[in-house]
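Respectively, the protein sequence lines represent chains A and B.
Quick note: the first sequence uses this note's numbering, first residue 1, plus one each step.
Quick note: the second sequence uses this note's numbering, first residue 1, plus one each step.
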Amino acid sequence: MPSALPDGEPAPPDGSLPAGVLEGAAERAFGVYLHVPFCRVRCGYCDFNTYTATELQGARQEDFAAQAVAEVRFARGVLDRAGLPSRPASTVFFGGGTPTLLPTADLARMLDAVRDAFSLADGAEVTTEANPDSVDREALLRLADAGVTRISLGMQSAVPRVLAVLDRTHDPARIPLVVGWAREAGLAVSLDLIHGAPGETLDDWLESLRAALGLEPDHVSAYALIVEEGTRLAARIRRGELPAPDDDLQAEMYEAADELLGAAGYAWYEVSNWARTPADRSRHNLAYWTGEDWWGVGPGAHSHVGGVRWWNVKHPGAYARRIADGASPAQARERLDAAARVQEELLLRTRIADGYPIERLGDAGRRAVAGLIADGLVDGAEAIRGRLVPTLRGRLLADLVVRTLAD
Amino acid sequence: MPRATKPLTPAATDPSAIRNFCIIAHIDHGKSTLADRMLQITGVVAERDMRAQYLDRMDIERERGITIKSQAVRMPWASDGATYALNMIDTPGHVDFTYEVSRSLAACEGAILLVDAAQGIEAQTLANLYLALENDLAIVPVLNKIDLPAADPEKYARELAQLIGGSPDDVLRVSGKTGEGVEALLDEVVARIPAPVGDPGAPARAMIFDSVYDAYRGVVTYVRMVDGRLQPRERIQMMSTRAVHELLEIGVSAPEPEPTRGLAVGEVGYLITGVKDVRQSKVGDTVTNSAKPATTPLPGYTDPKPMVFSGLYPIDGSDYPDLREALDKLKLSDAALQYEPETSVALGFGFRCGFLGLLHLEIVTERLSREFGLDLITTAPSVIYDVTLEDGKEFQVTNPSEFPTGGKVSEVREPIVRTAILAPKDYVGTIMELCQSRRGTLLGMDYLGEDRVEIRYTMPLGEIVFDFFDQLKSKTAGYASLDYEPAGEQAADLVKVDILLQGEQVDAFSTIVHRDKAYAYGTMMAERLRKLIPRQQFEVPIQAAIGSRIIARENIRAMRKDVLAKCYGGDITRKRKLLEKQKEGKKRMKMVGRVEVPQEAFIAALSGDVEKKAEKK
């Protein structure tokens, strides 16, 4: 079951934005996120907004690219009417769902639409997520040809037993092949891993890490498994069929990941992300954490432009109807006031290696910094230089750090 | 159609036409419903004005089906061609209010002993029956709820006859619900209960059996005239304090207040003087005429003495002034409530309050929450300990944190009570086991009827206030009932157990227990807190100690992970809202040293919710 959307105020039917979004717009990068809400099967742990063939109830996968193209054009109109300067897209990200479930030509059409509406900046980062069993050599070559520069591959684990618990259907032996093809196509490669699945041991996790590092990716994301409410996994744990993930074990796994990745030359730059060089960081994801503007296209996609956040209607059928009517697909939005912006900046930036500028903390927050250093949660040397950067222990307790600093 | 067509006029009624009675009954045995039927049958409350349990005024009373404040109603009745004035005096049904009960009984010549025909007599009823017999009241035994399918009137009539003497045939049978037998009961009240006797020519003497604070009229004082008469506009005097007040209004409840030209010998009614504090109108005191005062007060007056103490703390520290104001207001209507400011390291500013008993405590805290909207933490109830030090100094401890530590104590005396427990005979073993484990001494055991037993124990009050009643109920499937009365004090080997979090004492959890129980309390509390306090970023040792000696220890392991793995575009709003909620939650945290303890943990640890929840699972 996809998770619920937040509550917000009604979004205007024509998608129009308040005047406040103009402030500082020229300094903000612009990106496009394209959400492809289809999967062949739903994984038990997943609460993303995605649908299998049987869940689509009339919405058609083959019509989707045209709808997304229509929303990209609609986006251009809205941003223009708001008076925002024309900014080329510096990043594009196909996420899902499983974007590679669509024919390559569909993804190419969508990317062309972004190019037509906004143009792509020089050296733009264009990423697609992919499942190991939904891409082959030819597809990757065609994607690269269409302008994709980077692939984020859902490897999750190298251990068949763990993949089974996660309902992942791919053969781990296929991962090296896909990575090889991606390299051949000239794509940068990121591997996605999950740790802490029910029944997974520390040794299982080390095996997955070593397998991933053996493929010399440019980037690794390593997520602790979150048991989301409403998922099949949550139900199985509640019924006692599977053990609940153990926080202490997940912490140990995280520490092991940081050690192994660090030794192999990968540096963390966000709680769950490591890159071989600063240039290998995901610029699209960094844009989420540093308050840039992006337009999220597709059902349930979230957007942010100058302190306004909105999210589209969830179901592909409802989305298709809005697009067909020429209306904004936004279901609701929220306008961030000054206090909310401060909170967001704090909670996002304390998760990244660039850190949070200490001078922006309130009085109570500044008084708390020394204690956080003493407790080994915040890097003392960085703090003296004016940046609040979590230590390894601080990353594992990042929410506690934020609570301590928030006024 | 009511029988008495021409009611007698107050202040001009011959004592021989008056009957003063009360109803002695256990909670749930239908006293209020029977009273409702009497009001209807005698015609003092019209059908259309009838609401269930007319006489119970407070919400809490109506919800819990118990009567806290008594009240008197004058009802006309005709029997064998003569007209009578029946005064029904309502009595509190609970053991905490023994003194108030005794004063209500002293205002009567007779009592209806009302017993559920499906359940038989209960311990508190028995206690009140003893009181009634001590006051020489004529007893009219009545079985109620005879309309119930489970009713067994034959069996319980035999039980009652065995208890009070007489034949099972003397036991009346009624249904408060249907009204069956109620007219006959009123006739029997006239026939079996004697008329009041007094000296109409003597200086006025009236006994206060209740005083109630009314937001509009000030204190309403309920009295039973013994000698002489009282009239409007007179100046009256309270004999215990010698305070003089002008009598603004005098009247009878019928059941709404009706001003009269006065009250005469044997009559029951109310007085209003404009005073605002029930402490100026003390239950048991004698009212006389200040111009022509009586020389001797009526016997039986004593000051209410709190037996159980507990700290009350607002959950939100900024509510402290509101709590003070609320207590000041409650005091106006509750003469037995005592309180003084107190500070706790763990809980902040609050009040140490004295109560007549556990129910009184519960009623006060519930009223504070319901009528004043206060969220409170109540510390574990404690009793008064008399402590003698080695240097001979003596003092009283009502708050465990004041208990001296170290070897300076030479003797501690604790209050003891005589308890009577009534239960089906199958539970005797279980009950004895429980009482023994609470340091009880068996006094005796009697069969009441065929299958019910009264078990009498002497027990430390401190053991009773600590969840004894809950235990008793749960071990006897709710069948056992309990009554207790003060029985002096005894020396005992008592120690104070402190609970420490990361080496810091949590004063709210300190308790005084018998040395043999110290270890059990310490382990239980440490384990409770381990389950209740969330993990912190450092390890938190929980210790129980007697003085400097550690007797139990638990550890809360350090929290190693507190971070959401993913935080992408769609997660940001959700994450910010979560943070805002957590910030609110942080405000409800209390700091003990560096340990953040949620208020809920204090409340749960003090109330024992941890084990109860575990039992349910």
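Just so you know, even glycine gets a beta-carbon here, dropped at the ideal spot from N, CA and C.
So for A:A53, helix, strand or coil by DSSP? In the structure shown, A:A53 sits in a helix (DSSP, three-state: H, G or I).
Beta-bridge pairing of A:H170 - partner residues as DSSP gives them: The secondary-structure analysis by DSSP pairs A:H170 with nothing; it has no beta-bridge partner.
Quick check on this structure: which residue in B:Q543, B:Y484, B:L148 and B:T286 has the alpha carbon closest to the alpha carbon of B:G503? Ranking B:Q543, B:Y484, B:L148 and B:T286 by Cα distance to B:G503 puts B:Q543 first.
Who pairs with B:C22 in a beta bridge, going by DSSP? B:C22 is bridged to B:I89 and B:A111.
Counting only beta-carbon separations shorter than 9 Å, does A:D428 have a partner in chain B? No answer is possible for residue 428 of chain A: it lies beyond the span of chain A, which begins at 1 and ends at 407.
Is it right to say B:Y216 is buried, meaning 16 or more other beta carbons lie within 10 angstroms of its own, or is it exposed? Residue environment: B:Y216 is assigned as exposed (fewer than 16 neighbouring CB atoms within 10 Å of its CB, all protein chains considered).
How would you label B:K575, buried or exposed, when you count the other beta carbons within 10 angstroms and need 16 or more for buried? Label assigned to B:K575: buried.
Taking only the alpha-carbon atoms, compute the straight-line gap between A:D116 and A:A318 and give it to the nearest angstrom. A:D116 and A:A318: Cα-Cα distance of roughly 26 Å.
DSSP on A:D258, reduced to helix/strand/coil? The answer is helix: DSSP assigns A:D258 an H, G or I state.
Give me the DSSP bridge partner(s) of B:D498. Answer is B:A545, bridged to B:D498.
List the residues that DSSP assigns as beta-bridge partners of B:D210. According to DSSP, which records beta bridges pairwise, B:D210 is partnered with B:Y222.
So what does DSSP say about B:N144, is it helix, strand or coil? The three-state secondary structure of B:N144, taken from DSSP, is strand.
Starting from B:N555, follow its DSSP beta bridges and name the residues at the other end. Answer is B:P541, bridged to B:N555.
Identify whether B:I68 lies in helix, strand or coil by the three-state DSSP scheme. The pLDDT assigned to B:I68 is 39, lower than 50, so where the model puts this residue is not dependable; a value taken from the coordinates is nonetheless given after this. Assigned with DSSP and collapsed to three states, B:I68 falls in coil, not helix or strand.
Within 9 Å (strictly less), CB to CB, does A:N285 reach chain B? Yes, A:N285 lies at the interface with chain B (some Cβ there is under 9 Å from its Cβ).
What first and last residue would you give for the alpha helix (DSSP H) that runs through A:L377? First-last for A:L377: undefined, no H or E at that position.
Could you tell me which chain B residues have their CB closer than 8 Å to the CB of A:I226, listed as they occur along the chain? Within 8 Å of the CB of A:I226, the CB atoms of chain B belong to L564, A565 and K566, in sequence order along the chain.
Kindly indicate which three-state DSSP category B:A12 falls into: helix, strand or coil? The three-state secondary structure of B:A12, taken from DSSP, is coil.
Determine, using beta carbons only, whether B:R242 and B:A204 come nearer to each other than 9 Å. In this structure, B:A204 does not lie closer than 9 Å to B:R242 by Cβ.
Quick check on B:K590: does DSSP put it in helix, strand or coil? In the structure shown, B:K590 sits in a strand (DSSP, three-state: E or B).
Leaving out the 5 sequence neighbours to the left and right, which residues in its chain are closer than 8 Å to B:Y320 when beta-carbon positions are compared? Taken in chain order, the residues that qualify are P314, G348, F349 and G350.
Just to make sure I have the definition right: I need the residues of chain B whose C-beta is within less than 8 Å of the C-beta of A:P6. Which are they? By Cβ distance, chain B contributes T573, R574 and K577.
When B:T378, B:D375, B:Q396 and B:L376 are compared against B:Y385, the one with the closest alpha-carbon: The residue among B:T378, B:D375, B:Q396 and B:L376 with its C-alpha nearest the C-alpha of B:Y385 is B:Q396.
C-alpha distance - A:A224 paired with B:Y519, whole-angstrom precision: The straight-line gap from Cα to Cα measures roughly 42 Å.
Counting only beta-carbon atoms, is A:S402 nearer than 9 Å to chain B? The amino acid at residue 402 of chain A is misidentified as Ser; the sequence shows Val. Judged by the 9 Å Cβ criterion, A:V402 is in contact with chain B.
Can a CB atom of chain A be found closer than 9 Å to the CB of B:Q543? Not closer than 9 Å to any Cβ of chain A, the Cβ of B:Q543 fails to qualify, so no.
Of the residues B:R158, B:P149, B:Y99 and B:G110, which one's Cα is nearest the Cα of B:G120? Per the Cα distances, B:R158.
Since A:H315 meets chain B, which of its residues come closer than 9 Å, beta carbon to beta carbon? Those within 9 Å of A:H315 in chain B number zero; the least Cβ separation is about 16 Å.
Residues, ordered as in the chain, of the stretch 139–172 of chain A that lie near chain B by beta-carbon distance below 9 Å: Within the stretch 139–172 of chain A, no residue has a Cβ that lies closer than 9 Å to any Cβ of chain B.
Could you tell me which uninterrupted alpha helix (DSSP H) segments, each at least 4 residues in length, are contained entirely in the stretch 144–191 of chain B, listed from first to last along the chain? Runs of the alpha helix (DSSP H) spanning 4 or more residues and lying entirely within the stretch 144–191 of chain B occur at 153–164, in chain order.
To be precise: take each residue of the stretch 329–343 of chain A, compare its Cβ to all Cβ atoms of chain B, and keep it if any distance is under 7 Å. Which residues remain? If the cut-off is 7 Å between Cβ atoms, the stretch 329–343 of chain A has E334, A340 and Q343 near chain B.
Anything in chain B within Cβ reach of A:G296, meaning under 9 Å, just list it in chain order. Residues of chain B with a Cβ closer than 9 Å to the Cβ of A:G296 are, in chain order, G569 and G570.
Which residue or residues does DSSP assign as beta-bridge partners of B:S310? Beta-bridge pairing by DSSP links B:S310 to B:C353.
To the nearest angstrom, how far is it from the Cα of B:I68 to the Cα of B:Q280? Low confidence applies to B:I68: its pLDDT is 39, below 50, so where it sits in the model is not reliable, and the reading given next is rough at best. Their backbone Cα atoms lie some 20 Å apart in a straight line.
Simplified DSSP assignment, three categories, for B:I421: Reduced to three states, the DSSP call for B:I421 is strand.
Rank A:P10, A:Q57, A:E23 and A:A29 by C-alpha distance to the C-alpha of A:F38 and give the top, closest one. Ranking A:P10, A:Q57, A:E23 and A:A29 by CA distance to the CA of A:F38 puts A:Q57 first.
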